[in-house]
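Protein chains in written order, with my numbering: chain A, 1 to 150; chain B, 151 to 350.
Just so it is clear, CB atoms sit at the ideal spot from N, CA and C, and this is done for glycine as well.
Contents: one structure, followed by commentary.
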């Protein structure tokens with residue numbers, strides 16, 4: 001992410017210190033993660049110590065200080081999904097992407113996370129790709145859904 | 151500035167308005183144990199060891215004396231059996247993280263805390279924030295800060311700033327109640343910036 005773009009985001013909020021989290025969220029949304037250069041720029045422009053920005057960036061799960069893939073996969077491991085075979089869905093995702101929960105592949109295509117409930121247990125086993133819900137998944141359908149993303 | 155009268159352990163004490171109960175007690179020579187308190191820094195209230203009982207209008211409550219302001223007619227008790235128990239448990243929890251820290255061991259002896267009560271989880275840091283706050287408030291360098299949260303919270307040096315500033319300061323080292331900070335610094339130094347390069 002280039003610094004000029006970071007500057008644009010900062011300027012959107014008038015380089016005001018109180019908009020720190022909003023600035024970080026915008027960078028996160030656009031870039032999928034918070035690179036060090038971007039955080040250093042934010043620290044400099046908003047006059048906030050870098051240590052405080054790191055404190056905030058590591059505190060909230062919405063932020064990532066390591067690269068994330070273009071597509072975010074969330075596999076539900078909640079009780080209802082678990083008894084309906086969430087583990088097999090997760091295995092299928094791991095098989096197809098080659099990554100474990102918490103990891104990102106080298107091409108920055110997918111990031112995989114497990115979650116404990118997506119709030120739609122009747123659809124179990126459930127997974128989400130980029131916020132879109134895929135219900136009643138079978139391992140074959142899971143692989144198919146992943147193939148439609150690049 | 152107006153004075154406030156209160157009673158600490160049966161002793162009449164006056165303190166300036168806006169002072170904390172801890173400051174009032176220290177002014178009167180009544181000892182209250184602390185770990186995260188430092189006179190040059192803003193009160194933080196993280197270690198909870200300075201917990202005391204205050205009574206006001208017939209209601210008793212336990213408060214953290216380093217952040218609790220004095221008030222007219224307040225009755226403070228710094229050593230009740232309940233307070234002793236609270237401090238003992240706090241110390242036992244800290245000792246699970248840093249079982250050999252001399253300051254903790256001395257306090258543990260005083261309060262009868264058992265260092266083996268809880269399973270060891272030797273993180274060596276008790277999150278008192280002295281290093282973080284000293285660097286930010288006194289030195290204004292912000293070379294060390296907290297990262298992550300909950301059980302994964304830890305102090306971490308910002309490598310670029312630490313490489314520039316820390317070798318000539320290190321004033322936070324003696325503040326650390328468990329000496330963990332020093333080890334954390336040496337680790338960062340060893341991994342992220344070679345010492346000779348900085349001095350050259």
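In the DSSP assignment, residue 158 of chain B is bridged to B/161 and B/226.
Per the C-alpha coordinates, the member of B/185, B/163, B/214 and B/286 positioned closest to residue 48 of chain A is B/286. The alpha-carbon of residue 136 of chain A is positioned some 40 Å away from that of residue 20 of chain A. Less than 8 Å separates the beta-carbon of residue 237 of chain B from that of residue 201 of chain B.
By the neighbour-count criterion, in which a residue is buried when 16 or more other Cβ atoms sit within 10 angstroms of its Cβ, residue 79 of chain A is exposed. Contacts with chain B at 8 Å (Cβ-Cβ) include residue 51 of chain A.
At a beta-carbon threshold of 9 Å, the residues of chain B lying near residue 54 of chain A are 295, 296, 297, 306 and 308, ordered along the chain.
Between the stretch 28-42 of chain A and the stretch 2-17 of chain A, the count of C-beta pairs closer than 8 Å reaches three or more; the two stretches touch. The beta carbons of residue 295 of chain B and residue 282 of chain B sit closer together than 8 Å. In summary, no residue of the stretch 102-126 of chain A has a CB separated from any CB of chain B by less than 7 Å. Identification of chain A residues near residue 233 of chain B by a Cβ-Cβ cut-off of 8 Å yields none; the smallest Cβ-Cβ distance measures about 32 Å.
Approximately 5 Å separates the beta-carbon atoms of residue 72 of chain A and residue 111 of chain A; this is inside 8 Å, confirming the contact. Between residue 75 of chain A and residue 12 of chain A, the alpha-carbon positions lie close to 35 Å from each other. With fewer than 16 other CB atoms across the displayed protein chains lying within 10 angstroms of its CB, residue 179 of chain B is exposed. When the Cα atoms are used, residue 115 of chain A and residue 57 of chain A turn out to be separated by approximately 20 Å. Taking all protein chains in view, the Cβ of residue 3 of chain A is surrounded by fewer than 16 other Cβ atoms within 10 Å, so the residue is classified as exposed.
Counting the other CB atoms within 10 Å of its CB gives residue 338 of chain B a total of 16 or more, which places it among the buried residues. Using beta-carbon distances, residue 59 of chain A counts as an interface residue toward chain B, with a partner under 8 Å.
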